[in-house]
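Residue numbers -21 to -1, 1 to 457, in mature numbering (1 follows the signal peptide of the UniProt record, and there is no 0), belong to the letters of the sequence shown in order.
In this text, a Cβ means the ideal position worked out from N, Cα and C, and glycines have one as well.
Treat the numbers as computed from the prediction; the structure is a model and nothing was measured.
What follows is a set of notes on a single structure, which appears directly below.
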Amino acid sequence: MAATTRVSLALLLVGVGVVLTAQLCACTAYGCDGFSVEFIHRDSVGSPFHDPSLTAHGRVVKALARSYARADAPSAHGVVSELTSTPFEYLMAVNVGTPPTRLLAIADTGSDLIWLNCSKKGAHGPGPAFAGDAPSPPPRPGVVFDPSKSKTYRLVGCDSGACRALPDSSCAGGDKCTYYYYYGDGSATSGLLSTETFTFADAPGARCGDRTTRVPNVNFGCGTNFVGSFIGDGLVGLGNTNLSLVTQLGAHASVGRRFSYCLVPYSINASSALNFGARAAVTDPGAATTPLIPSRVRTYYTIELASVKVGSATYRAPRQTPAIVDSGTTLTFLDKALLDPLVKELAGRIKLPKAPPPEDLELPLCYNVSGLKEGQIAAKIPDVKLGLGGGATVTLKPLNTFVVVQAETLCLAIAPASERLPTSIIGNIAQQNMHVGYDLDKRTVTFAAADCARSHHGRGHGHAPAPAHHAHARAPAP
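So, in structure tokens, the structure goes:
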């Protein structure tokens, strides 16, 4: 029989976007060792959105195009909570209710609210509609949570802290807390704020045995109305606010408000890992830690990007340059004051024939790499070092800065920051083969080189920290 750990958490509003197969280790309460879940990339073979008709290059191009949509999304409403909702990169499975229903939700470090696609009948009515907006069909693939079939479903009252924490809510229908949630791309969802039991289950073959962890009283949005295009059965936010899953888990002392992930390179057919509690500690050799800084949008994990360096050439930002660390954006976006000299420096050092970028992609530097193997290409590309706030330095290897976008064409995976969101973004290509840890209690983000494919299953907790204050991502294998 599965060993079950219960945690009495009155979670505010939980949100993430990954595939959830929790590896819980040993111990007390919520697990003194923490737990891990799977990040499933939307284009991987483990995703229901995998398109087998696309080539590997085709999938890369689509991911890059989504980056522009996410970073340049205009707002259609006055209250906007996140970058955007429709373009996303990672999914997670969530088990909700008693008995549990498995739903596949978007996982997102740029969002905070958890909401799920709910049955209108089971949610005690149709929920609030949007004035002036045409309703859209429910999200795909269409698994719907029916609250009437769960023994642990409850509505949340208007006088609750969770209801007051919402950016836009209403109590016009009595004591039911109705919410309206808008995203940067103009899409929106509304429904009833509710509470349920969420279950985290061990992955098959987990080294700690057959365990599950049940978290009761998780506040989430039971979504019944949608505007725009949504994919998946809901969304779970990991953002930097009181509404997120991270903050809610932090209510339990043994977990703390910290999480980390290790993103497997696109070229490897394997899932990535998302870690909570003790497993989120990034103590790998060369780990580099930088402080979080205030952001215009509190949801984002924002750090200072002070400089970029190639070889002995260092280019410093003329002013404080905030950078969002975001797993849901593929490309990295830089302020032109840093990007322009970086492109010029790389162009002078890389001895390869130039090539035009694919149509509709504003990539500033591309090369023809016909006849070259991966290792030969990597040997021709210099490292790029990011100088961060607090003196931290993160070294980006070729797999973090360049990507093959079509047969024989290699492009710099860094683009100019959007005029509508003039903030740099460190995207997920730059974070491949890095263990990235977020600590909301210490207000820091830590980067360390890692072999993410190898470390996902049965990985330890890193090694003793090294004195050097640098993180280096490993180059791709020849």
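Let me know if residue i comes out buried or exposed under the rule of 16 or more other beta-carbons within 10 Å of its beta-carbon.
i           : result
Gln355      : exposed
Ser291      : exposed
Ala396      : buried
Thr174      : buried
Arg237      : buried
Ser306      : buried
Ser169      : buried
Arg21       : buried
Ile405      : buried
Glu338      : exposed
Val197      : buried
Pro377      : buried
Gly200      : buried
Asp30       : exposed
Val243      : buried
residue 469 : The shown model of the chain, from -21 to 457, leaves out residue 469, and the question about it has no answer.
Ala84       : buried
Ala35       : exposed
Leu33       : exposed
Val59       : Any reading at Val59 is ruled out, since the residue's pLDDT is 40, under 50, leaving its predicted position unreliable.
Val206      : buried
Asn204      : buried
Gly350      : exposed
Asn379      : buried
Gly211      : buried
Ser223      : buried
Cys150      : exposed
Arg133      : exposed
Gly10       : For Gly10, the predicted model reports a pLDDT of 41, less than 50, meaning its position is unreliable; a value from the coordinates is still stated below. Burial call: buried.
Thr(-1)     : Note that Thr(-1) has pLDDT 36, beneath the 50 cutoff, so the model's placement of it is unreliable and the number below is only indicative. By the neighbour-count rule (16 or more Cβ atoms within 10 Å), Thr(-1) is buried.
Gly140      : exposed
Arg258      : buried
Gly163      : buried
On the premise that residue j lies in contact with residue i, defined as a C-beta separation below 8 Å, what is that separation, rounded to the nearest angstrom?
i      : j      : result
His424 : Thr269 : One point to set straight first is that residue 424 is Val, not His, in the sequence displayed. Right, the Cβ-Cβ distance comes to about 6 Å (below 8 Å), so this counts as a contact.
Asp91  : Gly235 : Their Cβ separation, rounded to whole angstroms, is 18 Å, which puts Asp91 and Gly235 out of contact at 8 Å.
Phe426 : Ala267 : 5 Å
Ser148 : Tyr158 : 5 Å
Thr88  : Gly218 : 6 Å
Leu367 : Ala285 : 6 Å
Gly416 : Phe255 : Gly416 to Phe255, Cβ: 11 Å. No contact.
Val123 : Cys97  : 7 Å
Cys317 : Val348 : Per the sequence presented here, residue 317 reads as Leu, with Cys not at that position. With a Cβ gap of about 25 Å, Leu317 and Val348 do not count as contacting.
Leu391 : Pro343 : 6 Å
Assuming contact is defined by CB atoms lying nearer than 9 Å, are residue i and residue j in contact in what I supplied?
i      : j      : result
Leu172 : Val135 : yes
Glu387 : Ala334 : yes
Cys431 : Asn412 : yes
Glu68  : Thr402 : no
His414 : Ala429 : yes
Ala296 : Ser15  : no
Gly202 : Leu95  : yes
Leu214 : Ala86  : yes
Asp138 : Asp125 : no
Glu17  : Ser239 : no
Glu283 : Thr300 : yes
Cys276 : Pro320 : The sequence given here places Val at residue 276; Cys does not occur at that position. Taking 9 Å as the Cβ cut-off, Val276 and Pro320 do not qualify as a contacting pair.
Thr131 : Thr77  : yes
Thr178 : Val24  : no
Pro195 : Thr176 : yes
Lys100 : Ser127 : yes
Go to residue i, then tell me how far its alpha helix (DSSP H) extends in each direction, as first and last residue.
i      : result
Asn379 : Pro377 to Thr380
Thr224 : Per the sequence shown, residue 224 should be read as Leu rather than Thr. First-last of the alpha helix (DSSP H) with Leu224: Leu224 to Leu228.
Lys315 : Lys315 to Arg328
Cys390 : Here Cys390 belongs to no alpha helix (DSSP H); instead the beta strand (DSSP E) covers Thr388 to Leu391.
Gly140 : Gly140 to Ala144
Closest Cβ-Cβ distance between residue i and chain D: below 9 Å?
i      : result
Asp319 : Among the chains of the structure shown, chain D does not appear; only one protein chain is present.
Starting from residue i, follow the beta strand (DSSP E) in both directions and report where the run begins and ends.
i      : result
Ile356 : Premise fails: Ile356 lies in the alpha helix (DSSP H), Glu353 to Ala358, not in any beta strand (DSSP E).
Ser239 : Arg237 to Cys241
Ala428 : Thr423 to Ala428
Ser286 : Thr281 to Val289
Val80  : The sequence as given places Thr at residue 80; Val does not occur at that position. Per DSSP, Thr80 belongs to the beta strand (DSSP E) from Thr80 to Asp87.
Glu17  : Phe14 to His20
Pro270 : Ala267 to Pro270
Thr405 : The residue asked about is misnamed: residue 405 is Ile in this sequence, not Thr. From DSSP, the beta strand (DSSP E) with Ile405 extends over Ser403 to Ile405.
Asn219 : It is not in any beta strand (DSSP E) - Asn219 carries neither H nor E in the DSSP assignment.
Gly368 : Gly368 -> no beta strand (DSSP E), and no H or E assigned at all.
Asn96  : Trp94 to Asn96
Val415 : Met413 to Asp418
Ser251 : Ser251 to Phe255
| said: Three or more C-beta pairs under 8 Å: does that hold for the region 317 to 334 against the region 356 to 372? | reply: The answer is yes - the region 356 to 372 touches the region 317 to 334, with three or more Cβ pairs under 8 Å.
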